[in-house]
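So the structure is just underneath, and the comments pick up after that.
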Amino acid sequence: MKIKNPYRDKKWFKLLGNKYVWVLLFFVIWMLFLDNYSYFDHRFLDNQIHELQDNKKYYQDEIKKDQEQIKQLKNPEQIEKYAREKYFMKKDSEDIYIIHFEGDTIQDKE
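Take 1 as the starting number for the sequence shown in UniProt numbering and just add one per residue.
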């Protein structure tokens with residue numbers, strides 16, 4: 001007596017019994033998770049690229065700011081102004097008083 005498979009005529013059974021479906025499923029799993037060039041690795045690397053491009057733009061802007069400041073500091077009056085503001089330098093005949101208020105809402109630019 002032969003045992004007949006009751007699922008043989010079902011559509012999902014035919015689909016799972018197809019060797020091409022198994023090969024395709026294996027290929028998709030391999031490419032998504034296991035390969036050196038997997039989808040997740042690409043996403044991670046793309047995020048790193050975007051982050052590095054943002055850093056590049058930031059540093060290029062900072063370089064432009066510094067170049068402008070260097071141009072300004074070629075003038076002796078600007079050098080004196082910069083030294084007074086940033087390093088609290090003074091002339092011999094001057095007194096400088098630095099006043100900081102607690103809870104002041106104005107923040108230093110540093």
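Positions of the beta carbon are idealized from the N, C-alpha and C atoms, including for glycine.
Bear in mind the structure is a predicted one, so any value in this text is a computation, not a measurement.
C-alpha distance - Lys91 paired with Glu80, whole-angstrom precision: 10 Å
Alpha carbon of Met1 to alpha carbon of Asp9, nearest angstrom: 20 Å
Supposed contact pair Ile99 and Phe88 - C-beta distance, whole angstroms, cut 8 Å: 12 Å between Cβ atoms; not a contact.
Extent of the continuous alpha helix (DSSP H) run through Lys2: Neither: Lys2 is in no alpha helix (DSSP H) and is coded neither H nor E.
Euclidean distance between Cα positions of Ser38 and Leu32: 5 Å
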